[in-house]
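When we follow this note's numbering, the leftmost residue of the sequence shown carries the number 128, and every step to the right adds one.
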Amino acid sequence: MDLLPKKEQVDVLKYIHVKDAKMALVSRLLKRYLISRYAPCAWDAATPTPNKNTKPVYIAPDGSEPVIFNVTHQAGLIVLIASVRPKPGMSVGVDIVCPTERRDKDLGLISKDGWKEYVSMHEEVLSQAECTSLNRLPFKDLDHRLRYFYTLWCLREAYVKMTGEALLAPWLKRLEMRYFAPPEDAPISQTEIWFQGRLLDDVDLDLVNVLDGFIICTATKRGKKGDSLELGEYELLDIEDAIAFGEGSRELPRKESETPRPIVQKAMTFSPSVLTR
């Protein structure tokens, strides 16, 4: 906690439940670790600030954005996606879903009210075409149907987080994921993103199952010249390593010769766990 400025310490301590406070603490340490290590800069100067859409970003003293990133967490797992020295116009978003955490509750709702009513509960944030696709799923197994719903939710939220806008953005109903399916059923390459009736070809999606129960989706916007991000494999991070780095980096930034390779994308683990990509 001492590695965070007083304001961030206060924000962490506002959480009532210990598990939520831990997630908030680790998320903040993780972002500061990323910025300090890869920008690079002193730990105490590695403070993310909200952009015009309230998405956390790091702007260097020279006005550049040396690293772009996004963080998500659920059920004790924190996931980070990042790119170092990105091309102009690039942006990233990530979301995680833990089906096992919400399955029992959702199955209870479906058993009580039916699948169509369950889908209709989410009509305000899903497109009409997506609701139709969910209602037309050809299998009766409810767990299988829920995998499609969770996948759609994860895809949409990763895209929204990439844009930096909230899940209640006014254009949500005009966003549509077509041909979506969970990772075990079909390759992510078949999924298409449509917005206001137009196919978007400048955003890449990645969808994986990890750690026996989680679905992770990343959305990456290509650069202005069409450059796409090279995404590495997910890695587990010991938060103690990040803490040790912070304790040794509070004043002086790393030398340029020590900076890592240009493109990074990872995921981390701790208790809560941290995945980096």
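Cβ coordinates follow ideal geometry from the N, Cα and C atoms, glycine included.
Alpha-carbon to alpha-carbon, residue j and residue i
i	j	result
Ile320	Cys258	15 angstroms
Pro310	Ser316	10 angstroms
Ile370	Val139	17 angstroms
Met289	Ser218	6 angstroms
Val221	Asp365	20 angstroms
Ala209	Ile195	6 angstroms
Tyr306	Ala169	45 angstroms
Asp368	Lys133	22 angstroms
Asp312	Gly350	30 angstroms
Glu135	Tyr361	27 angstroms
Tyr160	Pro188	18 angstroms
Val184	Gly241	42 angstroms
Val287	Ala293	7 angstroms
Leu332	Thr347	7 angstroms
Arg155	Ile143	17 angstroms
Phe266	Leu302	25 angstroms
As assigned by DSSP and simplified to three states, the class of residue i
i	result
Trp321	strand
Ala173	coil
Ile315	helix
Ala187	coil
Gly220	strand
Leu364	coil
Val252	coil
Leu338	coil
Leu131	coil
Ser355	coil
Lys243	helix
Start and end residues, alpha helix (DSSP H) containing residue i
i	result
Ser238	226-240
Cys168	Neither: Cys168 is in no alpha helix (DSSP H) and is coded neither H nor E.
Arg272	269-290
Identity of the residues DSSP links to residue i by a beta bridge
i	result
Cys258	Partner(s): none; Cys258 has no beta bridge.
Thr199	Val206
Glu303	Trp321
Asp333	Thr345
Leu326	Trp321
Val211	Val194
Under 8 angstroms between C-beta atoms of residue i and residue j
i	j	result
Leu358	Arg283	no
Glu374	Leu152	no
Leu402	Val337	yes
Thr345	Ala308	no
Ile86	Ile205	No statement about residue 86 is possible, as the shown extent of the chain runs from 128 to 404 and does not include it.
Leu236	Tyr245	yes
Leu261	Pro226	no
Met304	Leu279	yes
Arg164	Pro193	no
Gly203	Ser400	yes
First through last residue of the beta strand (DSSP E) which encompasses residue i
i	result
Lys141	First-last for Lys141: undefined, no H or E at that position.
Leu402	400-403
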